[in-house]
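Okay, structure first, notes after.
There are 2 protein chains.
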Amino acid sequence: MNKLIEAIDLNFDKYLSELVEFLRYKSISTNPTYSKDVKACASYLAKHLRSIGFKNAEVLDTKGHPICYASYEVNPTYPTVLFYGHYDVQPPEPLELWESPPFEPTIKDGQIVARGASDDKGQVFCHIKALETILKETGTLPLNVKILIEGEEEVGSPSLETFLIENEEQLKCDAVVISDTPMYAKDVPSICTSLRGMLYTELTIKTGKTDLHSGQHGGAVPNAIHHLMGIISSLKNNDGRVMVPGFYDDVKERTPNEKEELNRIPFYDKNYLRETGCDRIEGELGYSVLERRWYRPTLECNGIWGGYIGDGAKTVTPCKASVKISMRLVSEQDPNKIFQQLKKYLEELVPEGVEFNLDQISGVGYPVNVNNNEKAIEAAVDAIHTVHGKKPIFQGEGGSIPIVHDFKHLLNVPIVLMGFNLIEDKIHAPNEQFGVENYRNGIKIAALFYKNLGDKLRRPKK
Amino acid sequence: MNKLIEAIDLNFDKYLSELVEFLRYKSISTNPTYSKDVKACASYLAKHLRSIGFKNAEVLDTKGHPICYASYEVNPTYPTVLFYGHYDVQPPEPLELWESPPFEPTIKDGQIVARGASDDKGQVFCHIKALETILKETGTLPLNVKILIEGEEEVGSPSLETFLIENEEQLKCDAVVISDTPMYAKDVPSICTSLRGMLYTELTIKTGKTDLHSGQHGGAVPNAIHHLMGIISSLKNNDGRVMVPGFYDDVKERTPNEKEELNRIPFYDKNYLRETGCDRIEGELGYSVLERRWYRPTLECNGIWGGYIGDGAKTVTPCKASVKISMRLVSEQDPNKIFQQLKKYLEELVPEGVEFNLDQISGVGYPVNVNNNEKAIEAAVDAIHTVHGKKPIFQGEGGSIPIVHDFKHLLNVPIVLMGFNLIEDKIHAPNEQFGVENYRNGIKIAALFYKNLGDKLRRPKK
Chain F
24 MNKLIEAIDL NFDKYLSELV EFLRYKSIST NPTYSKDVKA CASYLAKHLR
74 SIGFKNAEVL DTKGHPICYA SYEVNPTYPT VLFYGHYDVQ PPEPLELWES
124 PPFEPTIKDG QIVARGASDD KGQVFCHIKA LETILKETGT LPLNVKILIE
174 GEEEVGSPSL ETFLIENEEQ LKCDAVVISD TPMYAKDVPS ICTSLRGMLY
224 TELTIKTGKT DLHSGQHGGA VPNAIHHLMG IISSLKNNDG RVMVPGFYDD
274 VKERTPNEKE ELNRIPFYDK NYLRETGCDR IEGELGYSVL ERRWYRPTLE
324 CNGIWGGYIG DGAKTVTPCK ASVKISMRLV SEQDPNKIFQ QLKKYLEELV
374 PEGVEFNLDQ ISGVGYPVNV NNNEKAIEAA VDAIHTVHGK KPIFQGEGGS
424 IPIVHDFKHL LNVPIVLMGF NLIEDKIHAP NEQFGVENYR NGIKIAALFY
474 KNLGDKLRRP KK
Chain Z
24 MNKLIEAIDL NFDKYLSELV EFLRYKSIST NPTYSKDVKA CASYLAKHLR
74 SIGFKNAEVL DTKGHPICYA SYEVNPTYPT VLFYGHYDVQ PPEPLELWES
124 PPFEPTIKDG QIVARGASDD KGQVFCHIKA LETILKETGT LPLNVKILIE
174 GEEEVGSPSL ETFLIENEEQ LKCDAVVISD TPMYAKDVPS ICTSLRGMLY
224 TELTIKTGKT DLHSGQHGGA VPNAIHHLMG IISSLKNNDG RVMVPGFYDD
274 VKERTPNEKE ELNRIPFYDK NYLRETGCDR IEGELGYSVL ERRWYRPTLE
324 CNGIWGGYIG DGAKTVTPCK ASVKISMRLV SEQDPNKIFQ QLKKYLEELV
374 PEGVEFNLDQ ISGVGYPVNV NNNEKAIEAA VDAIHTVHGK KPIFQGEGGS
424 IPIVHDFKHL LNVPIVLMGF NLIEDKIHAP NEQFGVENYR NGIKIAALFY
474 KNLGDKLRRP KK
């Protein structure tokens, strides 16, 4: 394995200049003005993959921006890994805050500064350069590899699910690897083994046909805001527990071992408060902050409106008030089942003479959990251990990444989420960066990961 | 007294055509396009007052639309009554819903249909024609009379308070009479003896510097909407009682006699629900609907907003949420004192690490109460009794009419609020009307009122 690492170090200058070339493409997926640039970027990528040995690499059209797809079959009886990434980037605005032009990559203070440096072009190239190194050094790959790099991640991957469904057979694999999340912290490499699911709803309360004069009728007629308040107050108790009956039925408590492991992760309230801009930490009694964010479900109001919201004073008792309520789900919680439970609870809460309407908005997201003991995870752990000299921590992610669920759901295989960049790398913001050494380590980890994974999966199962 | 009533009936056709003439003026105060029409209306009014015997009637400029002022001094030792009304009207839009043009008064089915018919030109003319009749029949008036008719009532009377302060000496009187409210119901004449006061506030809760990603941080950071909910829920309990400490300190309970009187007023829940478009009645436990609307203070949220209120799903934990809260006040409640009590209560409620800001918006309104035993009220009761053949009920008004408080506060005299039109007369709406017989009765009641008031106030006090 030292041979691979040595080869990466030896070729690193070339790998760096190739990434710079990739970063020059203005593959901004949100803005139609850049459609040609997006396409050119996909073509470049396919050409580049062909040049390193993925001879069938091609650009596939979708209803939106194209997908770059490639595969390398060593032996049909060998296991297969699918690498997923995206070559599209966020718009660079506001331009005036960039210290160097976003599409003229600049190496400064050990950082590659450019739009897409971390998200996700730099991390995509970690995998491509890793595979290139293995191919050059060994003339083959340790397992079959499929590469799927899309151009619509920053606009919510509207074409990907269809693509996955239509190409299920072609995409079959034993594991998926994605590098599109950051490490837990500098010097704290991590693998993400869970994502929370999501249910997003909009609740409207109606107490009458029209707003009424709050002088003439105030104190005698129902007020939609007050009813909505009462309902929202009944959704969560003072201990931060969600009060919807059945809500926790499918939530698995972390084992004492898992809790202990979680407590070993460095976490400082003070830093967290500074990072979030809050003056207090809140949440479910009896759980640490990381547990609340990663492994506990929660219910949050995301927006509220009702009555008169213009300037000055208008004296009405509002007949209508609405709130957006989203829930993050964990373990085996099913967003559709939770929606029904919430609806039933509201039917009990809302008094006679008051109407309510509960809508589900945006698609649901199922929680994703990957077993730490999967061989694919072990392969990643070992690779990171070798490169960083320390084992990665297992972390959760409080947010939902719908594509991950799509992969998990449609391909039904373990997903390895290992990120190489840092939280402070300003993705989606001006001066996005990716550490030169993070890039180098990323290539090494990816190379060892593919090597380890081949070894592990090709061993006969006990 | 029969002589006056006979004279009114005899001259009624003339009085009706004169009202029609008055109603033709497009004295729309909200729209600058009609400034000249407003001014022309004031000039007409002054001229008309001079023609019936108010020789000094004049148009007084203000920063906005002019005031029409007149006085008739019988004898400086005599008591004085001040009549207040307004000659400006609401805009007539939407024009397409009018069955006859709003400024071409039409008599149809016993109704005078025109913008301003009830609010307030028709009711103003009840008083003017009453005074004209008395002057013609008796050659004098039973007491000194001052007439103040403004042109800015429909835009909130911005110039009136200054005018009252600057002319305090000139406006001195023993009672004020206003006809700008409706009767309680057809066949239920009423005198309004109380108005609720008002305090209007805006409360903002801040839980951080920025909205946060509800996936990454939801369940661990404070959410401004949830904090706002908690606070609002603590403002009123399940019995409809306001929980701000001290809130009820200056609220006088109605006596058993007053309650009994209130219970005799015809009121039907079913009608009220139909009228308001609600399916349930709510409010403070232990009080009837009319008591809640007229004689009990209340606290209502008028508008609320916070977080993401656009279409679709945005996953944020909001750092800011706001609510407009207004309180209607009764008896001796002081809006400024209540504001301080509310602020102090919020200081206790809002936890550490959460910021709040409470602003008073729009001017405060003190509650207004008129003693039923005032001679001015007795004079109105007797006049109504004579004309309608039944005594008026005493009613409250849940809303606040700031000018009434200004008069009460600055002139410190009883205010007689007796209305002649009906709730169903569509003021501020298309096809505003005033019953021909309501106009006739209004003139008669006003005439008898001035006569009675002169008699009562000129009698030596016991």
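Going down the list, the sequences are from chains F and Z. Here the first sequence stands for residues 24 to 485, where the numbers follow the working numbering. Here the second sequence stands for residues 24 to 485, where the numbers follow the working numbering. Even for Gly, the Cβ is constructed at its ideal location relative to N, Cα and C. Since this is a predicted model, take the numbers as computed values, not measurements.
So with CB distances below 7 Å, who are the chain Z contacts of residue i?
i: F/T227; result: Those within 7 Å of F/T227 in chain Z number zero; the least Cβ separation is about 12 Å.
i: F/M252; result: M252, I255, S256
i: F/V339; result: N325
i: F/R219; result: G238
i: F/T321; result: G241, G242
Run through chain F and tell me which residues come within less than 7 Å of residue i, C-beta to C-beta.
i: Z/P245; result: C301, R303, E305
i: Z/H428; result: What Z/H428 touches in chain F: nothing, since even the nearest Cβ is about 13 Å away.
i: Z/W328; result: I327, W328, I332
i: Z/Q134; result: Chain F residues near Z/Q134: none, gap ~23 Å exceeds 7 Å.
i: Z/K232; result: G300
i: Z/Y207; result: Simply none; closest approach about 13 Å.
Going by beta-carbon coordinates alone, are residue i and residue j separated by less than 7 Å?
i: F/E155; j: F/K26; result: no
i: F/S141; j: F/F457; result: yes
i: F/A93; j: F/V82; result: no
i: Z/Q328; j: F/I332; result: The amino acid occupying residue 328 of chain Z in the given sequence is Trp; Gln does not appear at that position. Closer than 7 Å, so yes.
i: Z/E305; j: F/P245; result: yes
i: Z/Y48; j: Z/F77; result: no
i: F/V353; j: F/L222; result: no
i: Z/E184; j: Z/I384; result: no
i: Z/P320; j: Z/V391; result: no
i: F/Y207; j: F/Q363; result: no
i: F/R229; j: F/K367; result: A small fix is needed here, since residue 229 of chain F is Lys in this sequence, not Arg. No.
i: F/G465; j: F/L166; result: no
i: F/I170; j: F/F106; result: yes
i: Z/T338; j: Z/L235; result: no
Express the C-alpha separation of residue j and residue i in angstroms, rounding to a whole number.
i: F/N260; j: Z/R316; result: 33 Å
i: F/E41; j: F/L72; result: 12 Å
i: Z/A30; j: Z/D36; result: 11 Å
i: F/E378; j: F/Y473; result: 57 Å
i: Z/D272; j: Z/K347; result: 24 Å
i: F/V394; j: F/K86; result: Sequence inspection shows Asn at residue 394 of chain F; the Val mentioned does not correspond to that position. Roughly 35 Å between the two C-alpha positions.
i: F/A198; j: Z/L251; result: 46 Å
i: Z/T129; j: Z/P181; result: 32 Å
i: F/L46; j: F/G442; result: 19 Å
i: Z/K485; j: Z/V178; result: With a pLDDT of only 47 at Z/K485, under 50, the local geometry of the prediction cannot be trusted, and the value read off the model is given with reservation. Approximately 44 Å between the Cα atoms of the pair.
i: Z/V136; j: Z/E455; result: 6 Å
i: F/S74; j: F/Y38; result: 14 Å
i: Z/R482; j: Z/D405; result: 16 Å
i: F/V267; j: F/L381; result: 14 Å
i: F/G174; j: F/G238; result: 57 Å
i: F/E176; j: F/H109; result: 6 Å
How is the beta strand (DSSP E) around residue i delimited, first residue to last?
i: F/M344; result: The question names Met, but residue 344 of chain F is Ala in the sequence shown. Per DSSP, F/A344 belongs to the beta strand (DSSP E) from 343-352.
i: Z/W328; result: 321-330
i: Z/E173; result: 167-173
Just reading off the alpha helix (DSSP H) that residue i is part of, what are its end residues?
i: Z/A469; result: 459-481
i: Z/Q364; result: 358-372
i: Z/S256; result: 247-256
i: Z/H150; result: 144-161
Below 9 Å on C-beta distance, what does residue i contact in chain F?
i: Z/C215; result: Those within 9 Å of Z/C215 in chain F number zero; the least Cβ separation is about 12 Å.
i: Z/L365; result: Within chain F, no residue comes near Z/L365; the closest Cβ sits about 16 Å away, beyond 9 Å.
i: Z/Y473; result: Under the 9 Å cutoff, chain F gives no residues; its nearest Cβ is about 30 Å from Z/Y473.
i: Z/Y291; result: Ordered by position in chain F, no residue passes the 9 Å Cβ test against Z/Y291, which lies about 14 Å from the chain.
Check the Cβ of residue i against every Cβ in chain Z and list those closer than 8 Å, keeping chain order.
i: F/H240; result: T299, R316, G421
**OP:** Quick one: which unbroken alpha helix (DSSP H) runs of 4-plus residues sit fully inside the region 54-82 of chain Z? Chain order, please.
**Re:** 58-75
Subject >> In chain order, each beta strand (DSSP E) run of at least 3 residues that lies wholly inside the region 177-242 of chain F >> reply: Look at the region 177-242 of chain F and you find these whole runs of beta strand (DSSP E), each 3 residues long or longer: 198-201, 213-218, 220-229.
Original post:
At what residue ranges does the region 281-314 of chain Z contain a whole run of the alpha helix (DSSP H), taking only runs of 4 or more?
Top reply: 292-299
Subject >> alpha helix (DSSP H) segments (min. 4 residues) lying fully within the region 377-442 of chain F >> reply: 398-411, 425-434
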